[in-house]
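Since the structure comes first, as structure tokens, the remarks are kept for the end.
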Amino acid sequence: MNITRLRTSDIAEYLIHESFLLDSWRLPEWRALFTNECRYLVPASGADPYADPSVALHYIADDGFRLTQRVVRLMKKTAHAEYPRSKTLHMISNVRISARDSNAIEAASSFATYRAQRGNVDTYIGHHEYRLVIDEGALKIQQKRSILHMEALRPHGRITLIV
Amino acid sequence: MPAVLYDDLIRVDPERQSFRVARRAFTDSSILEREHERIFSSCWLYLGHDSEIRAPNDFLVRRVGGRSLIFSRGSDGVARALLNICAHRGAMVCRDKQGNARSFTCIYHGWVYNNRGELLSIAGEEAFGQRFKTDDINLTAVPHLESYRGFHFVNFSRQPVALEEYLGNAREFIDLVVDMSPSGMEVIGGTQEYSVRADWKLLAENSLDIYHGPSLHPSYLDFIAASNELRPDPMDGLGGRAYALDHGHGVAEYRGPWSRPVADWGPAMGADLRLEIEARHHDLQARFGQARGDRIAKLSRNLLIFPNLAIVDIGSVTIRTFQPAGRGYMEVLAWALAPVDESAALRARRLQSFLEFLGPGGFATPDDIEALETCQVSFDSCAREAPWNEVSKGMPLAEEGWLDEGQMRSFWKEWARRVAD
Numbered sequence: 021m022n023i024t025r026l027r028t029s030d031i032a033e034y035l036i037h038e039s040f041l042l043d044s045w046r047l048p049e050w051r052a053l054f055t056n057e058c059r060y061l062v063p064a065s066g067a068d069p070y071a072d073p074s075v076a077l078h079y080i081a082d083d084g085f086r087l088t089q090r091v092v093r094l095m096k097k098t099a100h101a102e103y104p105r106s107k108t109l110h111m112i113s114n115v116r117i118s119a120r121d122s123n124a125i126e127a128a129s130s131f132a133t134y135r136a137q138r139g140n141v142d143t144y145i146g147h148h149e150y151r152l153v154i155d156e157g158a159l160k161i162q163q164k165r166s167i168l169h170m171e172a173l174r175p176h177g178r179i180t181l182i183v
Numbered sequence: 098m099p100a101v102l103y104d105d106l107i108r109v110d111p112e113r114q115s116f117r118v119a120r121r122a123f124t125d126s127s128i129l130e131r132e133h134e135r136i137f138s139s140c141w142l143y144l145g146h147d148s149e150i151r152a153p154n155d156f157l158v159r160r161v162g163g164r165s166l167i168f169s170r171g172s173d174g175v176a177r178a179l180l181n182i183c184a185h186r187g188a189m190v191c192r193d194k195q196g197n198a199r200s201f202t203c204i205y206h207g208w209v210y211n212n213r214g215e216l217l218s219i220a221g222e223e224a225f226g227q228r229f230k231t232d233d234i235n236l237t238a239v240p241h242l243e244s245y246r247g248f249h250f251v252n253f254s255r256q257p258v259a260l261e262e263y264l265g266n267a268r269e270f271i272d273l274v275v276d277m278s279p280s281g282m283e284v285i286g287g288t289q290e291y292s293v294r295a296d297w298k299l300l301a302e303n304s305l306d307i308y309h310g311p312s313l314h315p316s317y318l319d320f321i322a323a324s325n326e327l328r329p330d331p332m333d334g335l336g337g338r339a340y341a342l343d344h345g346h347g348v349a350e351y352r353g354p355w356s357r358p359v360a361d362w363g364p365a366m367g368a369d370l371r372l373e374i375e376a377r378h379h380d381l382q383a384r385f386g387q388a389r390g391d392r393i394a395k396l397s398r399n400l401l402i403f404p405n406l407a408i409v410d411i412g413s414v415t416i417r418t419f420q421p422a423g424r425g426y427m428e429v430l431a432w433a434l435a436p437v438d439e440s441a442a443l444r445a446r447r448l449q450s451f452l453e454f455l456g457p458g459g460f461a462t463p464d465d466i467e468a469l470e471t472c473q474v475s476f477d478s479c480a481r482e483a484p485w486n487e488v489s490k491g492m493p494l495a496e497e498g499w500l501d502e503g504q505m506r507s508f509w510k511e512w513a514r515r516v517a518d
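Which chain is which? The protein sequence lines are A and B, in order.
For the first sequence, the numbering used here assigns the number 21 to the initial residue and increments by one for each residue that follows.
For the second sequence, the numbering used here assigns the number 98 to the initial residue and increments by one for each residue that follows.
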């Protein structure tokens, strides 16, 4: 696969596939969309979203190991916050390529993710920023930063789903 | 015969050694109203940490006890707590969450106050009487603001006991956290703002509760094991005590399964940090003697300052406050606290440890939230027929252990004493 030939529509198709995996709770397959060493970041609402997670408190700042462990945990019945599993709907739009070079694509999408559980439907809104690379011949996510356009995680109280 | 206490909010049966709390404590709107008067309008409430408004003119806006407050460091360097309401017709004077400003201008009619709360100018001043501008036309200050070792508290009552007296013997445990560093502690940038669909007292209990660890958090313990940190038997060598403290405060102090950036190195922290962490441990021993140095370094502590400040000093330190925002619903604010003088690498590891356990995206806190929310749902639906919570573990013991509930009974007795008619 030649990354320089990928168009916005290819990226959109890829991100729609990601949403489908998340809505189906196929999380190990979702983890496999990422490179081995990777980052999944959710900055705290209201904070500078580009602050370095080694100096500023986030909601989530996973490296490759912790992202794998997050998926391992979420697949267990003892991940009580997500068992019984919530129903989710990951809506994305406004997919755009913001930068590219011969090795990587920076892309973004806007999202509204719905999570239904125990009588409540909570909505997470914001935009995702991706750094995509070719790894072992396949398009992979090297970093995903999900920036919430929310003042606080209220009334949600948790960000246990992959937004 | 069980003793019926405090308007039947608590029942103690000495024969059975049972301590019961009425579940209507979590569901009854009239109790929520009483709590507002008798707890959130009369106890010392945590406002913020000194480091959050470090420089002159720094300010932040925060809800405390249901009031919107401006926590401001004036141009004179003095920390103040001002009610965020214009003296004129009541609009919010400050709509930014935080910043640095010498003055606040009300958007409604343009009244301007300095950051000490003094009214500087009124638009159309010529139409007011010459003696109109008096002290009581300034921003209203919270009646009492006092601090203990960097933690600022407010009190909305007329004549409260002094903060130090209120904290009582809980001060010892605040000291153990603050003494981590000779250079002091600071709040790291970033606030976790979330909520729980449950009464605030459920989080007060939960912040002190270690008993639930093995049953509620096995997926976290699995994660610790995967991080190559845990002893073969997760509970081997672990343990500790819990204490009921003065005035409804309580604490559990124990050896936990995690490493501690303050000074208890484990393999999961990485070889690179070993020297620094061990040096910090030796420094603590040199400053405080071996026993206290080891206590600061190795023991974790879950401290609750009545009613709603938790200082949880585990694999990372969090300060957390929570307050009712309607029936069966609380708002939570959480921060990370750290020694000012730790290296960048240790700071990064501390934040990792924080996120691995704590907060709405952590591997443990969301399961606490889930448990508390299911409690609330059950109380709302079943409390009429099943009206009592049991908070009895440890009652027969002369010394309560880390997995007992005496520290929670301390909270409940103080709560009921204040709330009952």
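Idealized CB from N, CA, C, for every residue including glycine.
All values reported here derive from a predicted model rather than from experimental measurement.
Residues of chain A with a Cβ closer than 7 angstroms to the Cβ of B/V293 are, in chain order, G177. Residues of the stretch 267-279 of chain B with a C-beta atom less than 8 angstroms from some C-beta of chain A do not occur. For B/H241, the closest C-alpha among the options B/G226, B/P257 and B/K230 is that of B/P257.
Against chain A, the beta carbon of B/A368 has no neighbour under 7 angstroms; the closest one sits roughly 16 angstroms away. Here the alpha carbons of B/P436 and B/G281 stand approximately 6 angstroms from one another. In this structure the stretch 59-75 of chain A does not lie against the stretch 129-139 of chain A, because fewer than three pairs of beta carbons, one per stretch, are closer than 8 angstroms. The beta carbon of A/E102 lies closer than 8 angstroms to those of L94, T180 and L181 in the same chain, with the five residues before and after it left out. A/H37 sits exposed, since fewer than 16 C-beta atoms from the chains shown fall within 10 Å of its C-beta. By the neighbour-count criterion, in which a residue is buried when 16 or more other Cβ atoms sit within 10 angstroms of its Cβ, A/K96 is exposed. Among the bridge pairs identified by DSSP, B/N486 is matched with B/V118. Using a Cβ-Cβ distance cut-off of 8 angstroms, the stretch 210-219 of chain B and the stretch 174-184 of chain B are in contact, since at least three pairs of beta carbons, one from each stretch, lie closer than that value. Taking each of B/G334, B/Y426, B/D104 and B/A495 in turn and checking the Cα distance to B/T471, the smallest one comes out for B/Y426.
For A/I167, the enclosing beta strand (DSSP E) covers residues A158 to L168. Within chain B, the residues whose beta carbon sits less than 7 angstroms from that of A/K96 are S316, listed in sequence order. Contact of A/A172 with chain B by beta-carbon distance below 7 angstroms involves E290 and Y291. Counting only Cβ-Cβ distances below 7 angstroms, B/I466 has contacts in chain A at A101, G177 and R178, in chain order.
Within 10 angstroms of the beta-carbon of B/D501 lie 16 or more other beta-carbons, which makes it buried. At a C-beta separation below 8 angstroms, B/G425 has no neighbours in chain A, since its nearest C-beta there lies roughly 11 angstroms away. Assigned with DSSP and collapsed to three states, B/A407 falls in strand. By the CB criterion at 8 angstroms, B/F123 and B/K298 fall inside the cutoff. Buried is the label assigned to B/A341, since at least 16 other Cβ atoms lie within 10 Å of its Cβ. Here the alpha carbons of A/G177 and A/Y144 stand approximately 11 angstroms from one another. Look at B/Y143 here: in three-state DSSP terms it is strand.
Against B/K194, the close residues of chain A are G66 and E171, in the order they occur along the chain (beta-carbon pairs closer than 9 angstroms).
Contact annotation: B/P493 and B/Q114 have beta-carbon atoms nearer than 8 angstroms. A/R59 is outside the set of residues whose beta carbon lies under 8 angstroms from a beta carbon in chain B. A residue is called buried once 16 or more other Cβ atoms fall within 10 Å of its Cβ, and B/I204, having fewer, is exposed. For the pair of segments examined, the stretch 248-257 of chain B was found to touch the stretch 144-164 of chain B: the number of CB pairs separated by less than 8 angstroms reaches three.
For B/G334, the closest alpha carbon among the candidates B/A376, B/A295 and B/G353 is that of B/G353. In this chain, the beta strand (DSSP E) harbouring B/S292 covers Q289 to V293. Closer than 8 angstroms to the CB of A/H78 there is at least one CB belonging to chain B.
According to DSSP, A/K107 shares a beta bridge with A/A136. For A/C58, the enclosing beta strand (DSSP E) begins and ends at F54 to P63. Nearest C-alpha to A/V141 among A/M21, A/V75, A/L109 and A/L53: A/L109. Inclusion of B/W512 and B/A349 in the CB contact set at 8 angstroms is not warranted, their separation being larger than that value. Shown in chain order are the members of the stretch 446-459 of chain B whose Cβ falls below 8 angstroms from a Cβ of chain A: L448, Q449, F451, L452, E453, G456, P457 and G458.
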